[in-house]
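Colleague: Right, I'll just put the structure down here and ask away after.
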Amino acid sequence: MPQTAHAASTARAALAALRACAACNETAGIVNEADAQRHAAQIVAWIRSNAPAAADLRIDSREVRRGDVFFALPGRRDDGRRHMLEAVSRGAGAIVTETLESGAPPSVVPLLQVEQLAPQLSGIGAAFYGDPTARMLVIGVTGTNGKTSCSHWIAQLLTACGRRCGVIGTVGSGFPDALSADASLTTPDALGLQRQARALMDAGAQALAIEVSSIGLDQHRTDAIRFDLALFTNLTRDHLDYHGSMAEYRRAKERLFDTPCLAQAVLNLDDDFGRLLARRCRSRMLRAIGYRVQGPAVEDVEARAPLDDVDLELCAEAVELGTDGLRFDAHLRRAGAPEPAVAVRAPVIGRFNVSNVLGVFGTALAAGVEALDAAAALQRLRPPAGRLQPVELGRQVPAAGLPLVLVDYAHTPDAIDQALAALRPVAQARAGRLWIVFGAGGDRDAGKRPEMGAAAARGADCIVVTSDNPRSEDPTRIVEQIVAGAVGSGVRPERTEDRARAIAGAVARADSRDVVLIAGKGHEQYQEVAGRRLPFSDVECARAALERRAGQAAQAGAG
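With the first letter of the sequence shown counted as 1, position 391 gets the number 390 in numbering that gives the first Met the number 0; the numbers rise by one all the way through.
Right, dumping it as structure tokens:
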């Protein structure tokens with residue numbers, strides 16, 4: 000269907016200017032925000048004049064509903080332009096597509112061709128959904144590990160302190176007490192992110208915590224999100240299948256701290272990259288809050304960020320770790336001058352969570368929460384789904400005589416190290432062994448697989464290596480690569496490719512005093528195998544195994 004002369008003229012002007020902005024962004028690292036907003040508004044004007052008023056914007060043809068506008072663009076694994084006819088068959092009211100290289104476009108709905116479409120999606124989504132993040136306090140949370148826990152705890156803390164806060168990330172979107180578990184990406188696509196932000200704003204959110212992945216940053220999904228604060232947790236190996244090198248991985252993370260509207264950054268100074276970011280923020284005149292668990296007396300003086308790189312430094316001292324939570328004193332230093340320490344208590348376990356809790360505490364201070372109010376709210380934290388989540392049984396099933404089983408999302412070498420270190424004191428308190436059941440994702444960074452095996456061997460007494468979303472790869476090959484990392488460790492991993500059998504076997508054989516960690520999938524409700532997404536839940540699988548064991552014990556006792 001041909002465009003009108005006015006629509007074509009408007010689109011041409013918008014695209015020319017957007018290309019100029021993109022060139023500016025590549026050379027100077029900045030965007031003329033006013034121009035970008037105006038050009039996105041022009042494209043949205045075309046959409047509104049060619050699609051029904053109730054239309055939504057979609058980049059997945061399978062999600063298109065009647066009247067929606069389908070955005071067709073090439074991706075790493077698929078090309079959305081091949082699915083335009085499918086979108087039309089599902090009722091698409093219009094199509095916006097990356098310039099077609101060949102072939103006739105669908106002629107039954109209005110169609111707009113746009114060069115360099117992907118980097119413009121965030122701005123188009125912001126214009127279409129009314130720029131929702133401009134009307135909330137928006138906090139971006141990035142880092143290899145800890146994004147989900149920190150974003151959820153920020154939302155819980157701010158809500159408890161009187162500012163209702165939504166969350167968008169790996170586990171889903173919504174409010175701390177009401178999440179929709181519909182996430183397939185840590186950071187949703189650019190249009191979905193704006194759509195979810197608008198829905199949360201309409202539902203009463205005054206603040207929003209967003210998990211910001213390196214891939215999401217690299218793919219411009221957050222370009223038009225108006226971040227006020229950014230929290231950096233840590234940087235360890237992950238996603239090298241995508242980025243190619245740690246240097247590129249770091250560069251992607253840096254993009255969050257180059258956001259034009261960002262006013263404050265909260266940075267982990269125990270991390271090399273966090274210290275680099277502190278200097279970067281200082282050069283950009285951003286207010287920076289640095290936090291560290293080590294305290295000021297660090298042996299390697301060169302590893303410490305100078306106090307003039309941060310406006311406020313938080314140090315966790317007198318750290319105590321228990322099986323029911325952690326505690327520490329948060330010492331505040333502003334321009335080198337100490338302030339009264341604040342006692343922090345939180346019902347979460349593990350030394351790594353000292354850093355996470357301290358980062359959340361610093362973020363609360365950056366958001367204007369009083370230190371004592373923030374500390375009081377931290378005492379009521381609840382872990383998000385699949386983060387060291389104990390597998391609970393029904394009231395009718397006695398837990399006595401059963402091992403402690405937990406599910407966690409740990410899927411990197413560092414995360415496995417940290418999760419096992421957190422659970423070792425728990426196993427010791429029970430006088431039991433520490434098990435881990437885990438695998439590694441297919442079609443992802445293969446180099447981390449032996450490192451994951453080595454991490455498991457360092458921290459666990461019993462290891463069961465299994466499948467974890469093998470996707471198009473041979474599960475046996477993945478298992479072999481993991482096991483190779485444990486060679487010579489003194490711990491001999493068991494291999495069971497069927498994940499359900501691996502979980503059931505570990506639960507059945509573990510002593511009642513043992514602790515069993517099922518790692519890698521966490522909250523996920525599926526297993527990706529050979530192009531299919533099959534229903535699967537580590538929690539439900541472990542619960543069934545525990546109930547089966549409890550039932551067998553009851554029968555044996557009755558006999």
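No residue lacks a Cβ here, since even glycine has one placed at the ideal position from N, Cα and C.
1. From the DSSP secondary-structure annotation, give me the bridge partner or partners of T96.
2. Taking only runs of the beta strand (DSSP E) that begin and end inside the stretch 275-362, which ones reach a length of at least 3 residues, in chain order?
3. In the DSSP assignment, the alpha helix (DSSP H) including R498 goes from what residue to what residue?
4. Taking the alpha helix (DSSP H) that V478 belongs to, which residues open and close that run?
5. Apart from the five residues on each side of it in sequence, which residues of its chain come closer than 7 Å, Cβ to Cβ, to R291?
6. Can you tell which of A44, R254, V463 and R470 has its C-alpha closest to the C-alpha of G440?
7. Between which two residues does the alpha helix (DSSP H) carrying F127 extend?
8. Considering only their Cβ atoms, is the gap separating P382 from V347 smaller than 8 Å?
9. So, helix, strand or coil for D460, using DSSP?
10. Relative to the alpha-carbon of A229, which residue among R332, G484 and L255 has its alpha-carbon at the smallest distance?
11. Under the three-state reduction of DSSP, which class applies to Q551: helix, strand or coil?
12. From G367 to G289, what does the alpha carbon distance come to, in whole angstroms?
13. Roughly how many whole angstroms lie between the Cα atoms of A549 and N233?
14. Pop quiz: V166 and A154 are said to be a contact at Cβ under 8 Å. What is the actual Cβ separation, rounded to whole angstroms?
15. Just to confirm, is the Cβ distance from L377 to F360 under 8 Å?
16. Quick check: the stretch 475-492 against the stretch 511-520, are at least 3 beta-carbon pairs closer than 8 Å?
17. Here's the rule: buried if 16 or more other CB atoms are within 10 angstroms of the residue's CB, otherwise exposed. What is T172?
18. Residue range of the alpha helix (DSSP H) that N49 falls in?
19. Does DSSP put D407 in a helix, in a strand, or in coil?
20. For R281, I'd like the list of residues in its chain whose CB is within less than 6 Å of its CB, leaving aside the five on either flank, ordered along the chain.
21. Which residues in the same chain have their Cβ closer than 7 Å to the Cβ of A159, if we skip the five residues on either side of it in sequence?
22. In the structure shown, what three-state DSSP assignment does I415 receive?
23. At what residues does the beta strand (DSSP E) containing E253 begin and finish?
24. Tell me, to the nearest whole angstrom, how far the beta carbon of G122 is from that of A196; I am working on the premise that it is less than 8 Å.
25. Using the beta-carbon count (16 or more within 10 Å), is R498 buried or exposed?
26. Using only the alpha-carbon positions, how far apart do A421 and Y525 sit?
27. Spatial neighbours of G28 within its chain, please: CB distance less than 8 Å, with the 5 preceding and 5 following residues excluded, ordered by chain position.
28. Between which two residues does the alpha helix (DSSP H) holding L84 run?
29. R443 and D240: beta carbons closer than 8 Å?
30. When you compare only the Cα positions, how much space is there between A374 and N468?
31. Exposed or buried, which one is G530 when buried takes at least 16 other CB atoms within 10 Å?
32. By DSSP, does S213 sit in helix, in strand, or in coil?
33. Give a yes or no on whether the C-beta atoms belonging to V211 and G145 are separated by under 8 Å.
34. Can you give me the start and stop residues for the beta strand (DSSP E) that L401 sits inside?
35. Tell whether a beta-carbon distance below 8 Å holds between Q115 and L99.
36. Return the CA-CA distance between H82 and D59, expressed in angstroms with no decimal places.
Modeller: With the given structure in hand:
1. Per DSSP, A71 and Q112.
2. At a cut-off of 3 residues, the continuous stretches assigned as beta strand (DSSP E) that sit fully inside the stretch 275-362 are 286-291, 311-321, 324-333 and 336-345.
3. In the DSSP assignment, R498 falls within the unbroken alpha helix (DSSP H) covering R498 to R508.
4. P474 to A483
5. L268, D269 and C314
6. R470
7. L120 to F127
8. yes
9. Correct three-state label for D460: coil.
10. L255
11. Residue state, collapsed to three classes: helix.
12. 16 Å
13. 40 Å
14. That belief holds up - the Cβ atoms of V166 and A154 are roughly 4 Å apart, short of 8 Å.
15. yes
16. no
17. With the sequence shown as reference, residue 172 is identified as Ser, and Thr is not the correct amino acid for it. When all chains shown are included, S172 counts as buried.
18. E32 to N49
19. Three-state DSSP puts D407 in a strand.
20. D308
21. A376 and R379
22. helix
23. From DSSP, E253 is part of no beta strand (DSSP E) but of the alpha helix (DSSP H) over M245 to E253.
24. Between A196 and G122 the Cβ distance is about 14 Å, and since that is not below 8 Å, they are no contact.
25. buried
26. A direct Cα-Cα distance of roughly 26 Å separates A421 from Y525.
27. Model confidence at G28 stands at a pLDDT of 35, short of 50, so the residue's coordinates are unreliable and nothing is read from them.
28. M83 to S88
29. Yes, Cβ-Cβ distance for R443 and D240 is below 8 Å.
30. 39 Å
31. exposed
32. helix
33. no
34. Unbroken run through L401: none, as it is neither H nor E.
35. no
36. 9 Å
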